[in-house]
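Numbering (my numbering), first residue to last: 100 to 282. We put the beta carbon where it would ideally sit given N, CA and C, even for glycine. For clarity, every value in this text was computed on a predicted model and none was experimentally measured.
What follows is the structure, encoded as structure tokens:
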């Protein structure tokens, strides 16, 4: 990996990614993801969606790095264009964007309180309560928001101020831990 870090130009890294060098992709991600995330965030205005855009972009980079042509522009420009296009497509698609009025937001907040209340009112003898108590507070909250309140993964991520991938991972792993605990 040290020889890859010496060739730190994005153009050189893309050439290596085109040869299926995973380490080059990792270095490219490490050096460019922060800047690209800022670009995506300015367009989609949500951190979880911006992270998704950047992740999808790097998957595409892995698949299509050989299509990069340095004669047509810089590697940074190519990456930025890919992020911009994906972010704009996401906005045009609109499926992941959820807009709520003040009444809906207030109701969601009340439902979040209901989820915590439902957990607290479970009898101590209940196995589910014991298993939920074994989870860290943020993970337990993510599960309650998803399964009691009915929030989407994106809403949970936003509510808990964590990346979308983190919220998904917490929920998936917590459900597996609950299943194991309840056996």
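Query, Result
"Taking the alpha carbon of residue 137 as the point to measure from, which residue in 122, 168 and 179 has its own alpha carbon closest?", "179"
"Kindly indicate which residue of 230, 280 and 214 has the alpha-carbon position closest to the one of residue 250.", "214"
"Helix, strand or coil for residue 233, going by three-state DSSP, please let me know.", "coil"
"From residue 172 to residue 110, what does the alpha carbon distance come to, in whole angstroms?", "10 Å"
"Would you call the region 262-273 and the region 155-162 touching, i.e. three or more CB-CB distances under 8 Å?", "no"
"By alpha-carbon positions, which one of 156, 142, 117 and 146 ends up nearest to residue 266?", "146"
"Within this structure, are the beta carbons of residue 132 and residue 153 separated by less than 8 Å?", "yes"
"With a Cβ-Cβ cutoff of 8 Å, do residue 155 and residue 263 count as a contact?", "no"
"Have a look at residue 122 and residue 129 and give me their C-alpha separation to the nearest angstrom.", "10 Å"
"Compute the Euclidean distance between the alpha carbons of residue 282 and residue 149, then round it to the nearest angstrom.", "39 Å"
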